[in-house]
Amino acid sequence: YGTVPVAHSTGGLKDTIEDFNPYAQGKTGAGTGLTFSPATADAMSGALFSAVDTYKHNRESWEGIMDRGMAQDFSWDRAASQWEQVFQWAMIDPPYC
4 YGTVPVAHST
14 GGLKDTIEDF
24 NPYAQGKTGA
34 GTGLTFSPAT
44 ADAMSGALFS
54 AVDTYKHNRE
64 SWEGIMDRGM
74 AQDFSWDRAA
84 SQWEQVFQWA
94 MIDPPYC
């Protein structure tokens, strides 16, 4: 709990991790983790360097990333509600065949 993810921007990770932007509003930036793409050693090294650099030199931003990550709701109740919304949209706007 509170771990800042550093992950390749693909699949479910791309959907759940908002990439850290230090230049966004406020002193702590925006985002819930750091992502990289393409899936190469250089890209991963760059993301890890950014993570360590932020941790060492901008602790307030690092804590902001942690706080935003911990505030995310990945509960089954939320997931079920989102799927219910998808089905409701499908019934309102059925596919054209």
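Read in order, the letters of the sequence shown are residues 4 to 100 in the numbering used here.
For each residue, glycine too, the CB sits at the ideal point set by N, CA and C.
Considering Cα atoms alone, identify which of M69, S12, K17 is closest to T35.
It is M69 whose Cα lies nearest to the Cα of T35.
State the beta-bridge partners of A83 as determined by DSSP.
For A83, which the question treats as bridged, DSSP gives no partner whatsoever.
Going by the DSSP bridge assignment, what does V9 pair with across the sheet?
Note: V9 sits in a beta bridge opposite L37.
Quick check: the stretch 77-85 against the stretch 51-63, are at least 3 beta-carbon pairs closer than 8 Å?
Taking 8 Å as the limit for Cβ pairs, the verdict is that the stretch 77-85 does not touch the stretch 51-63.
Taking C-alpha atoms, which residue in S40, F39, D22, P41 lies nearest to G32?
That would be D22, whose Cα lies nearest to the Cα of G32.
Ends of the alpha helix (DSSP H) at F52?
Element bounds for F52: 44-60.
When DSSP builds the beta bridges, which residues end up paired with D22?
Paired residues: G36.
Taking T38 as the reference, which of T13, K59, A27 has the closest Cα?
Comparing Cα positions, the closest option is T13.
Excluding the 5 residues preceding and the 5 following N24 in the sequence, name in chain order all residues of the same chain whose CB lies nearer than 6 Å to its CB.
Here the set comprises G32, A33, G34.
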